[in-house]
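Residue numbers (the working numbering): 235 to 507.
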DNA sequence: CGGGCCACCTGGCGGC
DNA sequence: TGCCGCCAGGTGGCCC
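#1: Looking at C-beta atoms only, is the number of pairs between the stretch 333-344 and the stretch 361-370 that lie closer than 8 Å three or more?
#2: Which residues bound the alpha helix (DSSP H) around residue 474?
#3: Quick one: is residue 310 buried, meaning 16 or more other Cβ sit within 10 Å of its Cβ, or exposed?
#4: Under 8 Å: do the stretch 377-395 and the stretch 474-486 share three or more Cβ pairs, one atom per stretch?
#5: Which same chain residues end up closer than 7 Å to residue 373 when comparing Cβ atoms and leaving out the 5 residues on each side of it in sequence?
#6: Which residues bound the alpha helix (DSSP H) around residue 285?
#7: Nearest to residue 437 by alpha carbon, out of 364, 412, 405 and 325?
#8: Residue 240 to residue 487, Cα distance in whole Å?
#9: Kindly indicate which three-state DSSP category residue 255 falls into: helix, strand or coil?
#10: If residue 489 sits next to residue 416, beta carbons under 8 Å apart, how far is it from one beta carbon to the other, in whole angstroms?
#11: Note the first and the last residue of the continuous alpha helix (DSSP H) segment covering residue 407.
#12: Output the boundary residues of the alpha helix (DSSP H) element that contains residue 277.
#13: Give me, in chain order, the residues of the same chain whose beta-carbon lies closer than 7 Å to that of residue 380; leave out the 5 immediate sequence neighbours on both sides.
#14: When the Cα atoms are used, what is the spatial distance from residue 362 to residue 297?
#15: Taking only runs that begin and end inside the stretch 299-326, name each unbroken beta strand (DSSP E) of 3 or more residues, in chain order.
#16: Can you tell me the Cα-Cα spacing of residue 465 and residue 449, whole angstroms?
#17: Could you compute how far the alpha carbon of residue 245 sits from the alpha carbon of residue 502?
#18: Give the single residue among 280, 458, 271 and 439 whose Cα lies nearest to the Cα of residue 376.
#19: Indicate whether residue 330 and residue 260 have their beta-carbon atoms separated by less than 7 Å.
#20: Which two residues bound the contiguous alpha helix (DSSP H) that contains residue 433?
#21: Please state whether the Cβ-Cβ distance between residue 267 and residue 347 is less than 7 Å.
#22: Grab me the residues of residue 278's own chain with a C-beta within less than 8 Å of its C-beta, minus the 5 sequence neighbours each way, in chain order.
Now the structure itself:
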């Protein structure tokens, strides 16, 4: 499911039902996701308050009153929802019951189990240590991108998926931003000019902001925690549009699909150079 | 070390 | 209908 906009959508849905509340009950319906759950996961959460739920790249970051940090990653197919009549459903792996009059029951469902949850000691940032800049922050700019790309011989597509270069993009938004910036996914990263970097940086920010505004993209059935479906998929220009005419006015090309480092790239060979 | 490839999992879809 | 191969929003680990 989730790239930065979907994770941000999940965060916004969860925050009102988690922030400032205590974990009244934690249930694990299996002992691992991608990795085993941390030792004493339940005991280290129950009775602890989640003070703040933030996001770093594609990670959800819960600051706990115990001093530890609850790190959650949704992998390819993870999603949060609130309990409904159908619970528990297949692939519901974690159930958080929070304090408060409404006692919200939050369910983590993940068919492919590429997601994971970790508890970090105070001051430890764990696997977030080597992440590149947040794409929507001031720390991400044309010059910063240019500097990071200068050392890369790989295609720009591959470089933008590298979370050390910029953190939070995935296959969809990389394809979309490269199209909007008019840059071929095949172009070598170190051959993306300063002007192109400026343009690319601007299109990345714009795409992510529009996607967040749309509540993310709903490919299979990704939804915000409240069940609302994101609708950014209706604004895709190239992703999953193989064979469609290029959406750029007057461009005679059509969208093709190719494979780069094992993932599909969608682009217009006529107007992306 | 950088880059390429596979592994991890389940499910949906198209083709035969 | 059934089976098979391929595809899927990510990332970690292994190899050269």
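Where a beta carbon is used, it is the ideal one built from N, C-alpha and C, also for glycine. Please read all numbers here as calculations on a predicted model, not as lab measurements.
In terms of the structure at hand:
#1: Output reads no: the stretch 361-370 does not touch the stretch 333-344.
#2: For residue 474, there is no enclosing alpha helix (DSSP H), as DSSP marks it with neither H nor E.
#3: Exposed, because fewer than 16 other Cβ atoms sit within 10 Å of the Cβ of residue 310.
#4: Touching, no.
#5: 367, listed in sequence order.
#6: Counting along the chain, residue 285 falls outside any alpha helix (DSSP H), though it belongs to the beta strand (DSSP E) covering 283-290.
#7: Taking the Cα of residue 437 as reference, the smallest distance to any Cα among 364, 412, 405 and 325 is reached at 412.
#8: Going from the Cα of residue 240 to the Cα of residue 487 covers about 30 Å.
#9: In the three-state reduction of the DSSP assignment, residue 255 falls in the strand class, which pools E and B.
#10: Cβ atoms of residue 489 and residue 416 stay farther apart than 8 Å, at about 14 Å.
#11: Judged by DSSP secondary structure, residue 407 falls within the alpha helix (DSSP H) whose first and last residues are 405-415.
#12: Bounds of the alpha helix (DSSP H) holding residue 277 are 275-279.
#13: The beta carbon of residue 380 lies closer than 7 Å to those of 428 and 431 in the same chain, with the five residues before and after it left out.
#14: Roughly 14 Å between the two C-alpha positions.
#15: Listed in chain order, they are 303-307 and 313-316.
#16: Between the alpha carbons of residue 465 and residue 449 lies a gap of roughly 7 Å.
#17: Answer to the nearest angstrom: the Cα atoms are 34 Å apart.
#18: Closest option to residue 376, judged by alpha-carbon separation, among 280, 458, 271 and 439: 439.
#19: A contact, by the Cβ cut-off of 7 Å.
#20: The continuous alpha helix (DSSP H) containing residue 433 extends over residues 428-447.
#21: Yes, the pair counts as a contact, with Cβ atoms nearer than the cut-off.
#22: The residues are 272, 300, 302 and 353.
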